[in-house]
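Inspection log for the structure reproduced underneath, given as structure tokens.
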Amino acid sequence: MTTAPPAEAAKTAALLSPSPTSVPRPEAPAAPPVRRVPLTVSGLLGAALTAYVWSAHGAKPGVLLLLGLALGIALFHSRFGFTSAWRQLVAVGNGTGLRAHTLLLGTTATLFALLIGTKTGLFGSVPAPSGGPLGFGLLIGSFVFAVGMQLGGACASGTLFAVGSGQTSIVLTLGGFIGGATLAAWQFDLWKDLPSLEPVVMADHIGWFGSWAVTILVLAAIALISRSVQARRNPPPIGPVPSARGAAARVLRGSWPLAVGALALAVLGAGVLLVSGGAWGVTSAFSLWGAELVRALGGHPESWSWWQQPGNKEMLAGPVLADKTSLTDIGIMIGAAVAAALGGTWTLHRGVPWRTATAAALGGVLMGIGARLAGGCNIGAYLAGIASGSLHGWVWGGFALLGTWAGLKLRPLFGLGNPKPGDGVC
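Here the sequence shown stands for residues 2 to 427, where the numbers follow my numbering.
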């Protein structure tokens, strides 16, 4: 039997150990008691809506709603976000959240390669990759979206689960998000002809195995580089959230480790692809909801060029509760409400400062506009794009990091703080 030399064993142990932080992470406080009234209301709402969708529109929409409910539970219990992860990385060099992203992206890419490469789908669907054009819309949109994230306090998926958990200021972010996405759809003719190149999906050139291998190698390199940066900058640890005691209790009441959240989200996101044939997305529903509001007020969004595009036209003509993205979005909000109530943290935050409220609404508008210009958000472009082996997902992520840096510069104007190296947590 052979053993690794001491120096080599030490390197392996260092690689697998947690990245250093300036101080140890504080112990998580105990989770408060279950909030029974919000749990009952959200649970009944989820059950009733699922029963209605299943009976009115069939099994496929019903399953998509259930997947959305599970996504909301996983997002909240793991507090899996993109906004804070990029803020912590750019501000103080803490790459914990980014490394969780690489796990989510790598696992999703693996599942996508299996499903798309073998053309495995349910309900007659044929899974397809999410490829997007490479152009000025992508560059501008991803940058603007990331600025909006830092002002609004949440990304696309984060906005949904924060609203579900009762965070009042994020309701303003969601309202701005819908408004921005609707505005961008209305003014589609102003930006539809921005210069762009055709989508580049690696599987079209090197096959699904080659695409998967390249994606995994790049993600592994990013994870290693982020560890090196964190070791050099020695940032504050990420602040803990209330947690139930005991493994079984944590499954039901939270909090889940980021790695568990990443794996759960990857499996559920692959479930959306399996059932619908398309990747998990968020923001197309916001344009649809805004258009339905305009129509309810007497407007005619069906005359807009955006809603005359293939795919969009059918979306507007159909019922909202049969739309894939609307179902998963609604499910996320209800699922997050269930999870927050189970964790004892569901509450309505009152007395939002006016500058915070302004930043929330403005950030939402910027995210709505940015998502339309870029062809997606942190889920529909960044996650789905990279997992599909599409170059536009990587470009989206790079320009979103630049937008994060710009957003951090703007946050103090609205009374919003940024992590600092001397903080106890970030």
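Positions of the beta carbon are idealized from the N, C-alpha and C atoms, including for glycine.
This one's a predicted model, so the numbers in the text were calculated from it and none came from an experiment.
Where the alpha helix (DSSP H) through residue i begins and ends
i      : result
Pro62  : Ala60 to Ser79
Val219 : Ala204 to Arg234
Ser170 : Thr169 to Trp187
Gly386 : Ala385 to Ala388
Ser429 : What is shown of the chain runs 2 to 427, which leaves residue 429 out entirely.
Arg251 : Ala248 to Arg254
Leu417 : It is not in any alpha helix (DSSP H) - Leu417 carries neither H nor E in the DSSP assignment.
Asn313 : Asn313 to Ala318
Leu112 : Thr97 to Thr119
Lys325 : Lys325 to Leu343
Val276 : Leu259 to Ser277
Ala92  : Thr84 to Val93
Any non-hydrogen atom of the ligand MN within 8 Å of residue i CB
i     : result
Gly47 : Only the bare structure without any ligand can be found here, which leaves the ligand MN out of the picture.
Closest residue to residue i among the options (Cα-Cα distance)
i      : options                           : result
Asn419 : Leu65, Ala92 and Trp87            : Ala92
Ile179 : Ser126, Leu161 and Thr405         : Leu161
Ala114 : Phe83, Ile207, Thr348 and Gly63   : Ile207
Ile387 : Val24, His102, Ser56 and Ser43    : His102
Ile331 : Pro30, Pro33, Thr51 and Ala32     : Thr51
Gly149 : Gly132, Ser166 and Ile171         : Ile171
Gly153 : Ala362, Ala407, Asp424 and Leu384 : Ala362
Gly59  : Pro320, Gly44 and Thr405          : Pro320
Asp194 : Pro354, Trp257, Trp406 and Leu135 : Leu135
Phe144 : Ala49, Ala407 and Gly416          : Ala407
Pro39  : Gly423, Gly167, Gly278 and Leu269 : Gly167
Trp209 : Gly94, Pro422, Ser391 and Lys410  : Ser391
Pro243 : Trp55, Leu343, Ala86 and Gly63    : Leu343
Thr359 : Leu409, Leu417 and Leu322         : Leu417
Residue i versus residue j: straight-line alpha-carbon distance, rounded
i      : j      : result
Gly107 : Ile217 : 6 Å
Lys325 : Ala75  : 19 Å
Gly365 : Gly177 : 4 Å
Ser389 : Thr109 : 9 Å
Leu253 : Leu198 : 46 Å
Cys156 : Thr84  : 6 Å
Gly312 : Trp290 : 16 Å
Glu315 : Gly69  : 22 Å
Leu367 : Trp257 : 31 Å
Ala260 : Trp187 : 40 Å
Ile335 : Leu349 : 15 Å
Met2   : Thr41  : Only weak support is given to the placement of Met2: the predicted model assigns it a pLDDT of 43, under 50, and the value that follows is read from those uncertain coordinates. Taking the straight line from one Cα to the other gives about 58 Å.
Gly278 : Trp213 : 19 Å
Ala337 : Leu45  : 14 Å
Presumed contact (8 Å Cβ cut-off) between residue i and residue j, rounded CB distance
i      : j      : result
Ala267 : His78  : Not quite, the Cβ-Cβ distance comes to about 15 Å (not below 8 Å), so this is no contact.
Val295 : Thr174 : No, Val295 and Thr174 are not in contact; Cβ-Cβ is about 20 Å, not under 8 Å.
His393 : Ala401 : Actually they are not in contact, since the Cβ atoms of His393 and Ala401 sit about 12 Å apart, beyond 8 Å.
Pro200 : Cys427 : So it is not a contact: roughly 36 Å between Cβ atoms.
Gly345 : Pro34  : 5 Å
Ile141 : Leu374 : 6 Å
Ile333 : Ser158 : 7 Å
Ala245 : Gly255 : 6 Å
Outcome for residue i when other beta-carbon atoms lying within 10 angstroms are tallied against a minimum of 16
i      : result
Leu298 : exposed
Pro27  : exposed
Ala292 : buried
Thr119 : exposed
Val127 : exposed
Gln309 : exposed
Arg100 : buried
Ser229 : exposed
Ile226 : exposed
Lys61  : buried
Pro196 : exposed
Ala5   : For Ala5, the pLDDT reaches just 49, beneath the cut-off of 50, and the residue's location in the model is therefore unreliable, leaving the point undetermined.
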